[in-house]
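Asker:
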Amino acid sequence: MEKPLHKNENIKAESNNLRGTLVESLNDPTRGDISADDSQLTKFHGIYLQDDRDERSERRKKKLDKAYSFMLRVRVPGGITTPEQWLQMDSLADRYGNGTMKLTTRQAYQLHGVLKHNLKKTVQGIDAVMMDTLAACGDVNRNVMCNPNPHASEVHEEVLQLAQALSDHLTPATRAYHEIWLDEERVAGGEEEIEPIYGKTYLPRKFKIVIAVPPSNDVDIFAHDLGLIAIVSNGEITGYNITVGGGMGMSHNKPETHPCLAQVLGYCTPDQVVDIAEKIVTVQRDFGDRTNRAHARLKYTIKDRGLDWFRKEVESRLGYPLDEGKPFSFEDTGDRYGWVKGVDNKWHLTLFIQNGRIKDYQDLPLRTGLREIAKIHKGDFRLTCNQNLIIGSISDEAKPVIENLIQEYGLSAGLSSSGLRLNSMACVALPTCGLSLAESERYLPDLITELEEVVEAAGLRDDAIVIRMTGCPNGCARPYLGEVGLVGKAPGKYNIYLGAGFDGARLNRLYKISVKSEEIRSELEPIIQRYAKERSDGERFGNFCVRTGIVTPWQPGENYHEPMVN
Ligand code: SRM
Ligand code: SF4
3 MEKPLHKNEN
13 IKAESNNLRG
23 TLVESLNDPT
33 RGDISADDSQ
43 LTKFHGIYLQ
53 DDRDERSERR
63 KKKLDKAYSF
73 MLRVRVPGGI
83 TTPEQWLQMD
93 SLADRYGNGT
103 MKLTTRQAYQ
113 LHGVLKHNLK
123 KTVQGIDAVM
133 MDTLAACGDV
143 NRNVMCNPNP
153 HASEVHEEVL
163 QLAQALSDHL
173 TPATRAYHEI
183 WLDEERVAGG
193 EEEIEPIYGK
203 TYLPRKFKIV
213 IAVPPSNDVD
223 IFAHDLGLIA
233 IVSNGEITGY
243 NITVGGGMGM
253 SHNKPETHPC
263 LAQVLGYCTP
273 DQVVDIAEKI
283 VTVQRDFGDR
293 TNRAHARLKY
303 TIKDRGLDWF
313 RKEVESRLGY
323 PLDEGKPFSF
333 EDTGDRYGWV
343 KGVDNKWHLT
353 LFIQNGRIKD
363 YQDLPLRTGL
373 REIAKIHKGD
383 FRLTCNQNLI
393 IGSISDEAKP
403 VIENLIQEYG
413 LSAGLSSSGL
423 RLNSMACVAL
433 PTCGLSLAES
443 ERYLPDLITE
453 LEEVVEAAGL
463 RDDAIVIRMT
473 GCPNGCARPY
483 LGEVGLVGKA
493 PGKYNIYLGA
503 GFDGARLNRL
513 YKISVKSEEI
523 RSELEPIIQR
533 YAKERSDGER
543 FGNFCVRTGI
553 VTPWQPGENY
563 HEPMVN
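The sequence shown begins at 3 in the numbering used here and counts up by one.
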């Protein structure tokens, strides 16, 4: 018997291309939330219904509704924004949000804490500076990521343009967003609106595209549904390797769910990329599992049917075969910090932003300092794939002025952090994320402070070790590609994963289950000490853990949820 479709499929099919009853829900002044069905649809508009989980139990006791508010995610292909856009996001965060901005692991902005009656004004504010939240979430192609340094070389500039082209091509065609949020008039005449690529039920699940320029793998190409690796010869892009089927998300103790590394599907020329991406999206549209959302990502479509089947299906839609993938190699997944001059003869400064949270901290007026820079800056603000920020395109004359502001507000202090901190990422988790099982963003900085005592004592202060934490197994900070991955299991408890490749090409492996926060240090300390003493020349922490058998690399087919028994 055929399995029934997941209920979200009907919500999409009956939504009239993402309209649903959103207008009614938004206009209902008696409640701070929206209907359950509409809350699935707002995701396609980049908007999530959330509640303040810090307040949940107190409000429950008082028999009050949850403290509802919304998160808005702004799509920024390639992460490049203007100072005007930065200032607007900063101002919207105060006017309608919780006074902070979050730079995400996928080069986007997020605002949290927006009340229902302020949603429309917030979207309109974002639109006023030529940005949008459409398709930042939902079962469609999301923000397209690429290296945020278009001025590192002409190749990087070309890659940014491709990211924008892919993003434009795969944006849903529906006018629902413009009607609902921007008051665009519905076209009269009853002509049916067509979604040429997605159709009425869009994709079975979210879809993510990135482009990498080796040797940097800052986009974490193997974590994404579709990746493109620029193949460069004599300073020019000759084509791209196409990777498919990466993904991080899983559920604890469900062996049928697990992260997957993307695999190389083939190679194509630059002019073929957009069409190939469309064909790959349509294969997933037609064959992805619409009965079970925990099994609906492209990684499972490929796992179930095989890469060869997938290639044939894509090729038959293209009408030509794909060439074989070309050799490539990556070095790291991190950002390059500090000042650098680009081929455009301008200066670019990469700042460390702890977990991407822009706010004024007690000892660091980060948000104020960046606002002051945005007021006078003539270049750009670029969001990296690691939750950091580049103040880009600064002229020789402007550099000392920007540098003065950086010093005045202490914005470069973070750059002298330990190698562990500079290579850390944490997802949002509590209090806004409805799925989190444990703290992440609010806890990782303190854990790193503890671990810094260990790395400093071991003489490893400046060694880059990639550490990533999430509050649940969904993998929003790509923790399964961390040399140290910490994944929330329950309040104050984390699974520890070890041994991912520094180049982002090998997943880590479960090392210990449900370790209490106060015991994480003692679990990691002996391994870090051993690493300091026994590592070979230039050996990375993750590679060391694998070479010495602290963990063995996970192989597809093995249960990712079982720890290695030593
Ligand atoms: Fe994520 C769901 C935050 C990158 C895998 N993610 C969520 C939600 C929306 C929770 C929800 O569904 O109610 C989180 C909102 C928290 C909040 O309060 O803001 C959330 N994800 C984030 C961000 C903001 C984390 C961050 O701290 O930066 C990232 C936003 C990226 C963006 O700008 O688009 C973010 N999420 C990721 C990544 C990393 C990536 O894509 O490179 C992943 C793993 C890669 C992947 O997709 O496989 C990721 N998020 C998930 C999943 C698991 C998907 C799966 O296939 O199982 C969920 C849950 C879901 O979709 O059901 C999820
Ligand atoms: Fe929330 Fe889990 Fe994603 Fe963290 S990993 S933001 S806890 S869904």
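The beta carbon of each residue, even a glycine, is placed where N, CA and C say it ideally should be.
1. Compute the beta-carbon to beta-carbon distance between LYS361 and ALA440, rounded to the nearest angstrom, for a pair I have assumed lies under 8 angstroms.
2. Is the beta carbon of THR259 within less than 7 angstroms of some heavy atom of the ligand SF4?
3. Our contact map puts GLN364 next to GLY416 with C-beta atoms below 8 angstroms; I'd like the distance itself, whole angstroms only.
4. What's the call for ALA298, buried or exposed, on a 16-neighbour Cβ count within 10 Å?
5. In whole angstroms, what is the alpha-carbon distance linking TRP556 and GLU333?
6. To the nearest angstrom, report how far apart ILE467 and ILE530 are at their CA atoms.
7. So, at 7 angstroms on beta carbons, what are the nonlocal neighbours of LEU437 in its own chain, with the 5 sequence-adjacent residues on each side left out?
8. When the Cβ atoms of the stretch 98-117 are set against those of the stretch 175-185, are three or more pairs found closer than 8 angstroms?
9. Considering Cα atoms alone, identify which of VAL266, ASP337 and ALA69 is closest to ASP310.
10. Straight-line CA distance for TYR322 to ALA165?
11. Kindly identify the DSSP beta-bridge partner or partners of VAL342.
12. Per DSSP, ILE231 is paired with what?
13. Taking C-alpha atoms, which residue in GLY308, ASP170 and TYR562 lies nearest to PHE289?
14. By the three-class DSSP mapping on this structure, what secondary structure does LYS535 have?
15. Anything with a beta carbon under 5 angstroms from a heavy atom of the ligand SF4 counts; list them all in chain order.
16. In terms of residue numbering, what span does the beta strand (DSSP E) encompassing HIS226 cover?
17. Taking the DSSP output, what are the residues bridged to GLY147?
18. I'd like the list of long-range same chain contacts for VAL403, defined as Cβ closer than 8 angstroms, with 5 residues on each side in sequence excluded.
19. Roughly how many angstroms separate the alpha carbons of MET133 and ALA502, rounded to a whole number?
20. Alpha carbon to alpha carbon, how far is ASP277 from GLU16? Give it in angstroms, no decimals.
21. Apart from the five residues on each side of it in sequence, which residues of its chain come closer than 6 angstroms, Cβ to Cβ, to LEU117?
22. Let me check understanding here. Comparing Cα to Cα, which of PRO528, GLY540, GLU560 and HIS563 lies closest to ILE552?
23. In the DSSP assignment, what are the bridge partners of TYR204?
24. Does the ligand SRM have even one heavy atom less than 7 angstroms from the beta-carbon of MET250?
25. Measure the alpha-carbon distance for TYR98 versus SER426 and round it to whole angstroms.
26. I need the DSSP call for PRO367, collapsed to helix, strand or coil.
27. Should LYS256 be labelled buried (16 or more other beta-carbon atoms within 10 Å of its own) or exposed?
28. Rounding to the nearest angstrom, what Cα-Cα distance links ILE231 and GLU26 in this structure?
29. Report the CB separation of GLY249 from LYS301 in whole angstroms; it is logged as a contact under 8 angstroms.
30. Confirm, please, whether the CB-CB distance from ASP141 to PRO206 is below 8 angstroms.
31. Grouping DSSP H, G and I as helix and E and B as strand, with all else coil, what is GLN265?
32. Can you grab the Cα-Cα spacing for the pair SER420 / LEU172, in whole Å?
33. Nearest by alpha-carbon distance to ILE515: which of GLY506, PRO272, ARG523 and ILE498 is it?
34. Check the C-beta distance from GLY48 over to CYS148 and give it rounded, since I have them as a contact under 8 angstroms.
35. Measuring CB atoms only, is the stretch 439-457 touching the stretch 217-237, in the sense that at least three cross pairs come out at less than 8 angstroms?
36. Would you decide whether ASN12 is buried or exposed? Buried here means 16 or more other CB atoms lie within 10 Å of its CB.
Answerer: Reading off the structure:
1. Actually they are not in contact, since the Cβ atoms of LYS361 and ALA440 sit about 22 angstroms apart, beyond 8 angstroms.
2. no
3. About 15 angstroms separates the two Cβ atoms, so there is no contact after all.
4. By the neighbour-count criterion, in which 16 or more other beta carbons inside 10 Å mark a residue as buried, ALA298 falls on the buried side.
5. 21 angstroms
6. 10 angstroms
7. CYS474 and ASN476
8. no
9. Considering only alpha carbons, the answer is VAL266.
10. Roughly 23 angstroms between the two C-alpha positions.
11. HIS350
12. ALA214 and ASN243
13. GLY308
14. helix
15. CYS429, VAL430, ALA431, CYS435, LEU437, SER438, THR472, GLY473, CYS474, ASN476 and CYS478
16. Unbroken run through HIS226: none, as it is neither H nor E.
17. For the record, residue 147 in the displayed sequence is Met; it is not Gly. The partner list for MET147 (beta bridge, DSSP) reads VAL212.
18. ILE378
19. 36 angstroms
20. Rounded to whole angstroms, GLU16 to ASP277 spans 29 angstroms at the Cα level.
21. SER71
22. PRO528
23. Per DSSP, none; premise fails for TYR204.
24. Indeed, a heavy atom of the ligand SRM lies less than 7 angstroms from the Cβ.
25. Distance between the alpha carbons of TYR98 and SER426: 29 angstroms.
26. strand
27. exposed
28. 45 angstroms
29. 4 angstroms
30. Between PRO206 and ASP141, the C-beta spacing is below 8 angstroms.
31. If DSSP states are grouped into helix, strand and coil, GLN265 belongs with the strands.
32. 40 angstroms
33. ILE498
34. So it is not a contact: roughly 20 angstroms between Cβ atoms.
35. no
36. exposed
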